[in-house]
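Here the protein sequences come in this chain order: A and B. Using the numbering used here, read the first sequence as starting at 2 and increasing by one per residue. Using the numbering used here, read the second sequence as starting at 2 and increasing by one per residue. Here a beta-carbon is modelled for each residue, glycine too, at the ideal position from N, C-alpha and C.
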Amino acid sequence: MSMLVLGLYIACSLVPIYWLVCMSLKTNQEILGGFSLLPAHFDLTNYVTILTDPDWNQGYINSITYVAINTVISLAVALPAAYAFSRYRFLGDKHLFFWLLTNRMSPPAVFLLPFFQLYSSIGLFDTPWAVALSHTLFTVPLAVWILEGFISGIPREIDETAYLDGYSFPRFFVRIFIPLIRSGLGVTAFFCFMFSWVELLLARTLTSVEAKPIAATMTRTVSAAGMDWGVLAAAGVITIVPGAIVIGFVRNYIAKGFALGRV
Amino acid sequence: MDKPQNQRAWLFVLPVVIMVAFSALVPLMTVVNYSVQDILGPEQRVWVGNEWYRKVLTDPELHGALWRQLLYSGVVLLAELPLGVAVALCIPLSGAGSSLALVFLGLPLLIPWNVVGTIWQMFARGDIGLFGVLINKLGIDYNYTADPVAAWLTVLIMDVWHWTPLVALLAYAGLRAIPDAYYQAAHIDGASRFAIFRHIELPKLKGVLTIAVLLRFMDSFMIYTEPFVLTGGGPGNSTTFLSQYLTRLAVGQFDLGPAAAFSIVYFLVILLFSYIFYTVMTREG
Chain A
2 MSMLVLGLYI ACSLVPIYWL VCMSLKTNQE ILGGFSLLPA HFDLTNYVTI
52 LTDPDWNQGY INSITYVAIN TVISLAVALP AAYAFSRYRF LGDKHLFFWL
102 LTNRMSPPAV FLLPFFQLYS SIGLFDTPWA VALSHTLFTV PLAVWILEGF
152 ISGIPREIDE TAYLDGYSFP RFFVRIFIPL IRSGLGVTAF FCFMFSWVEL
202 LLARTLTSVE AKPIAATMTR TVSAAGMDWG VLAAAGVITI VPGAIVIGFV
252 RNYIAKGFAL GRV
Chain B
2 MDKPQNQRAW LFVLPVVIMV AFSALVPLMT VVNYSVQDIL GPEQRVWVGN
52 EWYRKVLTDP ELHGALWRQL LYSGVVLLAE LPLGVAVALC IPLSGAGSSL
102 ALVFLGLPLL IPWNVVGTIW QMFARGDIGL FGVLINKLGI DYNYTADPVA
152 AWLTVLIMDV WHWTPLVALL AYAGLRAIPD AYYQAAHIDG ASRFAIFRHI
202 ELPKLKGVLT IAVLLRFMDS FMIYTEPFVL TGGGPGNSTT FLSQYLTRLA
252 VGQFDLGPAA AFSIVYFLVI LLFSYIFYTV MTREG
């Protein structure tokens with residue numbers, strides 16, 4: 002019974018994705034010409050268009066570039082902070098933690114204009130760095146939140162034993178601690194990746210030509226050259242691929258990742 | 002609370018503080034600045050006090066967007082939480098089937114938000130979309146580009162499709178954390194399936210459900226990209242939510258003052274609601 006319900010739900014939730022894949026394999030005439038559940042013949046022209054046209058594939062490279070920068074920055078600054086929140090009490094720790102979370106609550110639309118001016122004035126506008134830095138607004142608080150949960154799951158005795166064994170702090174951190182929370186780092190990286198990859202508003206506003214992300218390429222094509230449904234669908238299918246690969250790796254840890262921690 | 006006191010921990014937190022100050026505090030101060038000044042030119046600004054706030058708060062268009070937004074977030078929570086928990090209850094607690102189910106379940110979460118809009122744009126069209134064609138075949142006149150109610154419902158169904166998996170994943174994590182002994186005790190007592198859910202599973206799920214409510218509330222309250230792609234806020238203003246309204250004000254019309262004043266109000270509203278949800282849900286027990 003419960004398997005039936007689950008199967009039904011998953012089937013329903015896959016139908017829209019099936020439709021996208023189906024559209025990407027049709028030519029434009031076929032899409033607009035009539036309604037059919039299956040493409041008449043598997044036509045890969047749309048994918049060829051995307052992979053060979055620099056307008057399109059540059060968008061993917063730009064997106065991956067800023068997502069990668071963002072993930073590295075977020076992990077690098079969030080890891081020590083999460084360690085401190087998890088292991089020590091210090092002046093204003095609770096307030097600081099809540100303040101970090103409020104940034105996750107702030108609508109990106111609020112920051113649109115100030116970000117635009119800030120990054121223009123320091124010459125980062127239309128570079129992957131501007132998008133990556135602006136995305137830290139929500140990825141860094143999230144990274145601290147998730148990592149704190151994972152670190153708190155590791156008994157403090159391990160830290161203390163390491164010091165007794167004569168490890169210095171940096172050596173302990175790199176040699177013992179980081180391997181211990183590998184899975185936590187993986188999940189955090191996954192969430193940073195995901196939230197930066199799916200965001201459009203900031204990425205579109207902070208770039209114009211050079212660093213234009215794939216998401217912006219897609220929306221601009223929609224408004225400018227009429228609807229090229231087939232190519233648009235193919236572009237959509239390709240944007241799902243990186244996420245699908247990553248979720249396969251971390252599926253067992255994802256749910257564990259959220260622990261309300263100290264909030 | 003047996004953590005040692007150590008003020009040097011601030012050194013660890015410093016990078017985050019600097020980072021967030023740069024990417025959140027400085028821009029936020031700019032917004033506050035704009036909200037109380039009239040910018041006439043690069044070096045010409047006039048203090049206007051609360052004029053922009055008054056102007057924004059009495060704007061009927063904003064009131065419309067705010068009510069639509071509240072209704073939307075409310076319905077989203079009411080639809081996604083029960084559905085997500087129900088789906089989570091159906092996932093087997095172990096075995097190869099469960100991880101496969103999780104992967105398929107999580108798939109919609111990983112699709113870029115504009116692609117979510119694009120998918121539904123194609124899926125719900127009355128002429129070329131599977132969903133739209135089906136609904137029309139059932140004899141219901143459905144066209145989301147012309148009918149405000151249909152557009153609103155389409156955005157809602159899209160959101161349920163997109164985000165219910167998050168609730169389900171969180172709830173599933175919570176269910177997995179319940180020790181077996183609880184179920185055995187319930188079994189010995191001869192508890193019904195519903196009693197188990199009501200007295201064991203639901204109380205144990207409170208922590209993760211708090212997170213789910215907070216995340217879903219915050220994100221649905223800031224929704225921008227999906228309706229932007231799907232309907233562009235129309236037809237009319239029927240799917241113009243707060244972020245859309247703000248973006249139009251700030252980037253479209255370049256009304257810096259009112260946009261900034263509205264940003265501050267917007268932010269405070271989200272903070273207030275999140276705080277209420279959080280305290281209410283964590284108070285008892």
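The C-beta of A:V238 has 16 or more other C-beta atoms within 10 Å across all chains shown, which makes the residue buried. Linking B:T240 to A:W146 through their CA atoms gives a straight-line distance of about 32 Å. For the segment 77–123 of chain A, the continuous alpha helix (DSSP H) assignments of 4+ residues that do not extend past its boundaries occur at 94–106, 109–122, in sequence order. For A:R157, the enclosing alpha helix (DSSP H) begins and ends at 157–165.
The alpha-carbon separation between B:P83 and B:F229 amounts to approximately 27 Å. The segment 102–121 of chain A makes contact with the segment 202–219 of chain A; the number of CB pairs closer than 8 Å reaches 3 or more. In the displayed model, B:D160 falls within a helix according to three-state DSSP. By the rule that beta-carbons nearer than 8 Å mark a contact, A:A41 does not touch chain B.
Neighbours of B:V27 in chain A, taken as residues at a C-beta separation under 9 Å, are given in chain order as P115, L119. By the C-beta criterion, the segment 176–184 of chain A is judged not to be in contact with the segment 96–111 of chain A, since fewer than 3 inter-stretch pairs fall below 8 Å. Looking at the DSSP output, B:V47 sits in a beta bridge with B:D39. Using a Cβ-Cβ cut-off of 9 Å, A:S122 is close to nothing in chain B; its nearest Cβ partner there is about 11 Å away. Pairing B:D39 with B:V49, the inter-Cα distance amounts to about 6 Å. With fewer than three CB-CB distances shorter than 8 Å, the segment 231–247 of chain A does not count as touching the segment 128–144 of chain B.
Around the beta carbon of A:F196, 16 or more other beta carbons sit within 10 angstroms, so the residue counts as buried. With respect to chain A, the C-beta atom of B:G253 has no partner C-beta closer than 8 Å. The three-state reading of DSSP puts B:Q6 in strand, counting E and B together. With contacts defined as CB atoms closer than 8 Å, A:N63 and A:P129 qualify as a contacting pair. If you draw a 10 Å sphere on the C-beta of A:S37, you find fewer than 16 other C-beta atoms in it, and that means exposed. Taking the CA atoms as reference points, B:L67 sits about 6 Å from B:L243. Around the beta carbon of B:H163, 16 or more other beta carbons sit within 10 angstroms, so the residue counts as buried. A:A79 has a beta carbon lying within less than 8 Å of a beta carbon in chain B. Rounded to whole angstroms, the gap between the alpha carbons of B:D190 and B:Y184 is 10 Å. Among the residues facing chain B, A:R88 is included, as its CB has a counterpart in that chain under 8 Å away.
The segment 26–37 of chain B and the segment 253–273 of chain B touch, with three or more beta-carbon pairs separated by less than 8 Å. In the DSSP assignment, B:H64 falls within the unbroken alpha helix (DSSP H) covering 61–91. Contacts with chain A at 8 Å (Cβ-Cβ) include B:W11. In this structure B:I129 is buried. Its beta-carbon is surrounded by 16 or more other beta-carbon atoms within 10 angstroms. Rounded to the nearest whole angstrom, the C-alpha separation of B:A187 and A:G8 is 28 Å. Within the same chain, Cβ atoms closer than 6 Å to the Cβ of B:Q122 are found at L231, the five residues on either side in sequence being excluded. Within 7 Å of the CB of B:S24, the CB atoms of chain A belong to L134, S135, T137, L138, in sequence order along the chain.
For secondary structure counted as the alpha helix (DSSP H) over 4 or more consecutive residues, the segment 91–136 of chain B holds these complete runs in sequence order: 97–107, 114–124. Taking C-beta atoms as the reference points, A:A144 and A:I70 fail to come closer than 8 Å.
With fewer than 16 neighbouring CB atoms inside 10 Å of its own CB, B:E44 falls in the exposed class. Within the segment 188–247 of chain B, the complete alpha helix (DSSP H) segments at least 4 residues long are 194–197, 207–222, 226–231, listed from N- to C-terminus. Between B:V209 and B:M282, the CB-CB gap reaches or exceeds 8 Å.
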